[in-house]
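One structure is given below, encoded as structure tokens.
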Amino acid sequence: MSLLNMSGLSKKMALAFYFPTEMVLVDDNPLLLRQLKARLGEDAAFKFFDNPLKASEFFLKEYQHKPTSSRCFNHQPGLNPNDHLVQMNVNSIFKEIYNPERFNQIAILIVDYAMPRMNGLQLAEEVLNKFHHMKIIMLTGEADTDIALSAFTDGKIHGFYRKDDPDLANKLKKAIKDLLKAYFYEESYAVVKVIIEASITKTHPFTDPVFVDFIEKMIKENNIEEWYLAELQGSYCMIDNAGKVSLFIVRTKHEMEVIADYAERSGVSKDTLKALQDKTKLAYFLIEKGVNQKFDWERSIHPAYILHGDKDIYYYAWVKDISPYNIHPEKILTYKKYLSSYK
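Oh and the sequence shown: position 312 is 304 in our numbering, straight run, nothing missing.
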């Protein structure tokens, strides 16, 4: 028997950011640890413990959780708590691409139930008490199923699987993928909530089910491994599984009109202005130096494609040539490079 709790994803919402994280696997059987490591593949980063007390010591004394969302909110005395635009710095999310420590976050703990001195449920409760974000999968034997089901029902674990299941590795791979999405959904929720509350229309492509389905499909089909919000409107900086960096830009119809008006006042060429007014091209500027910086309009417009959403009409462009923008791939530690040096 196996169960997985994904109730946190009941509402469709695009994630503000996503990247692979480290995971912890605890089992007192070293042979099983080696088998699972081989069967789960080399495209994941695991810490292994064959002693639950050592795992407990790691979580309680060594591991420091530093959520990505905490770095995009200002916590300075005197700030108006209702001033969302002041409190949140979206640019800090984009700059996570340069953070070599980002993959060291631990989102998932996989733990055996039957272990000496400390069982898996005791370890899970201890970890969740300190790290509320953690997603926990329990491995069980036949005699432990009722205990695991009770813990699952009480919300103490997020899924459980029989160790003797011949398809255990494939089920764990899917569970890891689903729970990692749930982990980043919870992290993204506060960010998206602030963005929507700060918007004039109180709507955003992030909560449009058509847009969410479209972006998820595009991410899957193009092997996108990481993505980070690059601006309030909903554009992303993306990195695929080969380490290639690209930009996915999205605009609403209203935003396209505002940008076209601004372009006209800025004195752009007639051809550029017509393309922006006709909405056949869209403009994107990676703003890092303030709103008064000069824009290179000719290099920063891209062919626009239409997506008819549930709440609005969206115009998007997927930009693979990032040379017009101040992005430095050579400074990015990709997940592929991280795994190659992972110990």
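We put the beta carbon where it would ideally sit given N, CA and C, even for glycine.
Check                                                                                                                                                     : Outcome
Is it buried or exposed for L1, if we count other Cβ within 10 angstroms and need 16 for buried?                                                          : With a pLDDT of 44 at L1, under the threshold of 50, the modelled position of this residue cannot be trusted, and the question is left open.
Please determine, among K262, F95, K122, N43, the residue with the shortest C-alpha to C-alpha distance to S332.                                          : F95
If I follow the unbroken beta strand (DSSP E) through L101, where does it start and stop?                                                                 : 98 to 104
Would H349 be called buried (16 or more neighbouring beta carbons within 10 Å of its own) or exposed?                                                     : In this structure the chain extends from -7 to 335, so residue 349 is not present and cannot be described.
What is the C-beta distance between K127 and A174, in whole angstroms, given that I count them as a contact (C-beta under 8 Å)?                           : 6 Å
Assuming G151 and L171 form a contact by the criterion Cβ under 8 Å, report the distance between their Cβ atoms to the nearest whole angstrom.            : 7 Å
According to DSSP, is V78 helix, strand or coil?                                                                                                          : Here V78 scores only 41 on pLDDT, less than 50, and its place in the model is too uncertain to base an answer on.
Just curious, the alpha helix (DSSP H) that P295 is in, first and last residue?                                                                           : Here P295 belongs to no alpha helix (DSSP H); instead the beta strand (DSSP E) covers 293 to 295.
Would you mind sorting Y90 into buried or exposed? The rule is 16 or more other CB atoms within 10 Å of its CB.                                           : exposed
Give the C-beta separation of A296 and K262 to the nearest angstrom, bearing in mind that I take them to be a contact with Cβ-Cβ under 8 Å.               : A296 to K262, Cβ: 18 Å. No contact.
Between which residues of its own chain and M5 is the CB-CB distance below 8 Å, once the five residues before and five after are set aside?               : Y177, S180, Y181, V184, F198, T199, V204
Return the residue from the list K236, E134, A167 that minimises the CA-CA distance to Y327.                                                              : K236
So, with DSSP's three-state summary, where would you put V260?                                                                                            : coil
Which class does F11 belong to by DSSP, given the choice of helix, strand or coil?                                                                        : coil
Note down, in chain order, each residue of its chain lying with its Cβ closer than 6 Å to the Cβ of N21, except the 5 sequence neighbours on either side. : none
Please report the residue range of the alpha helix (DSSP H) in which I207 lies.                                                                           : 201 to 213
Can you name the start and end residues of the alpha helix (DSSP H) that A309 belongs to?                                                                 : Unbroken run through A309 is the beta strand (DSSP E), 305 to 311; no alpha helix (DSSP H).
If I'm right that S238 touches W310 with Cβ under 8 Å, what's the distance once you round it to whole angstroms?                                          : 6 Å
Using the rule of at least 16 other Cβ atoms within 10 Å of the residue's Cβ for burial, across every protein chain shown, is D304 buried or exposed?     : buried
If you run the structure through DSSP and keep just helix, strand and coil, what is L115?                                                                 : helix
Buried or exposed, going by whether 16 or more other CB atoms sit within 10 Å of the CB of V283?                                                          : The predicted position of V283 is uncertain, since its pLDDT is 47 and thus under 50; a value taken from the coordinates is nonetheless stated next. Flag for V283 reads exposed.
What does a CB cutoff of less than 6 Å around R63 pick up in its chain, not counting 5 residues either side in sequence?                                  : S84
Could you give the DSSP three-state label for A275: helix, strand or coil?                                                                                : strand
With DSSP as the reference, please indicate the residues paired to M126 in a beta bridge.                                                                 : Answer is none; M126 lacks a bridge partner.
For the beta strand (DSSP E) that contains F198, what are its first and last residues?                                                                    : Per DSSP, F198 belongs to no beta strand (DSSP E) and is neither H nor E.
Based on the DSSP secondary-structure assignment, which residues constitute the bridge partners of W289?                                                  : Note: W289 sits in no beta bridge, so no partner.
So the alpha helix (DSSP H) T145 belongs to, where does it begin and stop?                                                                                : 137 to 145
Pull up the distance between the alpha-carbon of I207 and that of R109, whole angstroms please.                                                           : 46 Å
Expressed to the nearest angstrom, what Euclidean distance is found between the alpha-carbon atoms of L25 and L17?                                        : 8 Å
Determine the direct distance from the alpha carbon of L101 to that of D220, and round the result to whole angstroms.                                     : One detail in the question is off: residue 220 reads as Tyr in this sequence, not Asp. Going from the Cα of Y220 to the Cα of L101 covers about 24 Å.
Please state the DSSP three-state secondary structure of S84.                                                                                             : helix
I think S292 touches Y276, with their Cβ atoms under 8 Å apart; what is that distance to the nearest whole Å?                                             : 6 Å
Taking Y153 and I129 to be in contact with their CB atoms under 8 Å, please state how far apart those CB atoms are, rounded to whole angstroms.           : 7 Å
Indicate the three-state DSSP secondary structure (helix, strand or coil) for I314 in the structure shown.                                                : coil
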